[in-house]
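A quick write-up on the structure given underneath.
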Amino acid sequence: MRTVGLCGLGNMGSVIAGRLSKEWPVLGFDLDETRRGAAEREHGVRLVDAARDLADADVVVFSLPTPQASLAVLTELPPGTVVVETSTVNPADMRRGAATGARLVDAAILSGVSQAAAGTAPLLVGGAPEDVDAVWPVLTALSEHIVRCGELGSGMAAKVINNAVAHAVMVVLAEAGAMAAATGVSRAELAGLLGGPDGGLVRPLTHRFTERVLRGDYDGGMPTEAARKDSTLALALAQDAGVPLFAVQAAHTVYELGVSEGLARLDYSAIATLWERWTGQALADPQVPSS
Numbered sequence: 013m014r015t016v017g018l019c020g021l022g023n024m025g026s027v028i029a030g031r032l033s034k035e036w037p038v039l040g041f042d043l044d045e046t047r048r049g050a051a052e053r054e055h056g057v058r059l060v061d062a063a064r065d066l067a068d069a070d071v072v073v074f075s076l077p078t079p080q081a082s083l084a085v086l087t088e089l090p091p092g093t094v095v096v097e098t099s100t101v102n103p104a105d106m107r108r109g110a111a112t113g114a115r116l117v118d119a120a121i122l123s124g125v126s127q128a129a130a131g132t133a134p135l136l137v138g139g140a141p142e143d144v145d146a147v148w149p150v151l152t153a154l155s156e157h158i159v160r161c162g163e164l165g166s167g168m169a170a171k172v173i174n175n176a177v178a179h180a181v182m183v184v185l186a187e188a189g190a191m192a193a194a195t196g197v198s199r200a201e202l203a204g205l206l207g208g209p210d211g212g213l214v215r216p217l218t219h220r221f222t223e224r225v226l227r228g229d230y231d232g233g234m235p236t237e238a239a240r241k242d243s244t245l246a247l248a249l250a251q252d253a254g255v256p257l258f259a260v261q262a263a264h265t266v267y268e269l270g271v272s273e274g275l276a277r278l279d280y281s282a283i284a285t286l287w288e289r290w291t292g293q294a295l296a297d298p299q300v301p302s303s
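Residue 113 in this note's numbering sits at position 101 of the sequence shown; the count goes up by one each step and never skips.
Take a look at the structure:
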């Protein structure tokens with residue numbers, strides 16, 4: 013590989029430029045003159061006058077603010093251009109981009125600027141195997157932690173899903189903190205409890221999702237009807253304490269539905285089967301061996 017192109021020289025783009033410039037000459041483009049100048053001074057980026065000029069590079073990396081910006085640049089590049097998309101977009105945006113004829117690989121960055129600068133931010137990668145292999149040197153220059161998620165768009169899907177979980181959990185944590193404050197529970201102690209191996213944050217992932225849902229194993233365990241009872245207690249506690257609930261209330265509705273749909277005696281992770289019915293997609297993963 014002789015040169016790498018980089019479209020977008022903002023906060024994350026500047027970090028990417030710094031890492032790439034340690035390995036190859038970097039051609040860079042940005043509409044902002046201040047960012048262009050900084051990339052040239054700090055990382056030795058060779059600036060080009062238009063995005064289409066990046067096609068002279070062997071691989072072009074995108075770090076752009078919107079899906080629309082990415083698509084606009086793709087339409088300027090000739091078909092067959094190899095592009096690594098690090099901007100956060102939806103899988104549908106990746107498919108629209110591929111329709112321009114570019115050889116696209118999505119490499120979603122799962123962390124912030126400081127981790128990306130250190131090369132420790134995970135890259136969630138999707139794309140045709142031959143395209144991922146073609147850009148592998150670029151990916152390894154950006155991060156020491158690369159996760160191959162699957163086909164084109166799967167890396168972006170994984171990031172969007174991860175962020176959705178994080179944002180939803182933040183609402184639950186705010187509600188939990190409010191209930192704790194209203195009932196005299198130390199918030200610091202609650203945080204330690206939730207983050208422990210048997211806590212409400214960790215146990216649902218390590219046991220219920222990983223060991224049960226991914227294996228389709230719902231026999232035994234804590235019944236859904238018991239989870240509904242505990243959820244009812246939480247709603248009553250919040251009402252008595254004057255704490256409004258949104259996420260916990262919504263979750264309670266699912267347990268009510270699960271009981272009404274015949275899941276009462278199964279482990280409460282069996283609520284996952286409701287989504288299997290609704291979507292026609294199995295949640296069990298063939299890569300996870302049955303117990």
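C-beta: ideal position from N, C-alpha, C; glycine also.
Within 10 angstroms of the Cβ of residue i, are there 16 or more other Cβ atoms? Answer buried if so, exposed if not.
| i | result |
| --- | --- |
| Gly196 | exposed |
| Asp118 | buried |
| Lys309 | With the chain running from 13 to 303 in the structure shown, residue 309 is simply not present. |
| Pro258 | The sequence given here has Phe at residue 258, not Pro. By the neighbour-count rule (16 or more Cβ atoms within 10 Å), Phe258 is not buried but exposed. |
| Ser26 | buried |
| Ile173 | exposed |
| Asp210 | exposed |
| Pro79 | buried |
| Ala62 | exposed |
| Gly105 | Note on identity: in this sequence residue 105 is Asp, with Gly being the wrong assignment. Buried. |
| Arg53 | exposed |
| Gly56 | exposed |
| Ala4 | Since the first and last residues shown for the chain are 13 and 303, residue 4 lies out of range. |
| Asp252 | exposed |
| Thr93 | buried |
| Gly109 | buried |
| Ala120 | buried |
| Val101 | buried |
Using DSSP bridges, identify the partner residues of residue i.
| i | result |
| --- | --- |
| Ile158 | Leu135 |
| Pro235 | Asp279 |
| Glu97 | Phe74, Asp118 |
| Gly109 | Answer is none; Gly109 lacks a bridge partner. |
| Leu213 | Bridge partners of Leu213: none, in fact. |
| Arg227 | Partner(s): none; Arg227 has no beta bridge. |
| Arg58 | Leu39 |
For the alpha helix (DSSP H) that residue i lies in, which residues bound it at each end?
| i | result |
| --- | --- |
| Val125 | 125-130 |
| Glu35 | Segment: none, Glu35 is in no alpha helix (DSSP H) and carries neither H nor E. |
| Val16 | Per DSSP, Val16 belongs to no alpha helix (DSSP H); it is in the beta strand (DSSP E), 16-19. |
| Ala50 | 45-55 |
| Pro79 | 79-88 |
| Leu206 | 199-207 |
| Ala180 | 166-194 |
| Gly270 | 259-270 |
| Val144 | 141-146 |
| Thr285 | 284-291 |
Could you tell me the alpha carbon to alpha carbon distance between residue i and residue j, rounded to whole angstroms?
| i | j | result |
| --- | --- | --- |
| Met168 | Arg199 | 34 angstroms |
| Val60 | Thr15 | 13 angstroms |
| Val177 | Leu217 | 11 angstroms |
| Thr265 | Arg277 | 17 angstroms |
| Ser99 | Ala128 | 13 angstroms |
| Leu135 | His219 | 26 angstroms |
| His179 | Ala263 | 15 angstroms |
| Thr152 | Arg240 | 46 angstroms |
| Ala194 | Ala248 | 13 angstroms |
| Glu187 | Val181 | 10 angstroms |
| Gly292 | Glu35 | 46 angstroms |
| Val147 | Asp68 | 16 angstroms |
| Gly233 | Glu288 | 20 angstroms |
| Ile158 | Gly254 | 46 angstroms |
To the nearest whole angstrom, what separates the beta carbons of residue i and residue j, a pair I think is in contact under 8 angstroms?
| i | j | result |
| --- | --- | --- |
| Ala51 | Ala81 | Actually they are not in contact, since the Cβ atoms of Ala51 and Ala81 sit about 17 angstroms apart, beyond 8 angstroms. |
| Glu97 | Leu66 | So it is not a contact: roughly 13 angstroms between Cβ atoms. |
| Ala282 | Leu295 | Rounded, the Cβ-Cβ distance is 11 angstroms, inconsistent with contact. |
| Val72 | Gly17 | 4 angstroms |
| Asp279 | Arg224 | 6 angstroms |
| Val95 | Ala114 | 5 angstroms |
| Ser75 | Met13 | With 8 angstroms as the limit, Ser75 and Met13 do not qualify as a contact, their Cβ atoms being about 18 angstroms apart. |
| Gly131 | Ser155 | 6 angstroms |
| Arg47 | Leu21 | 4 angstroms |
Does residue i have its Cβ less than 9 angstroms from a Cβ in chain B?
| i | result |
| --- | --- |
| Ala84 | The structure shown contains no chain B; it is built from a single protein chain. |
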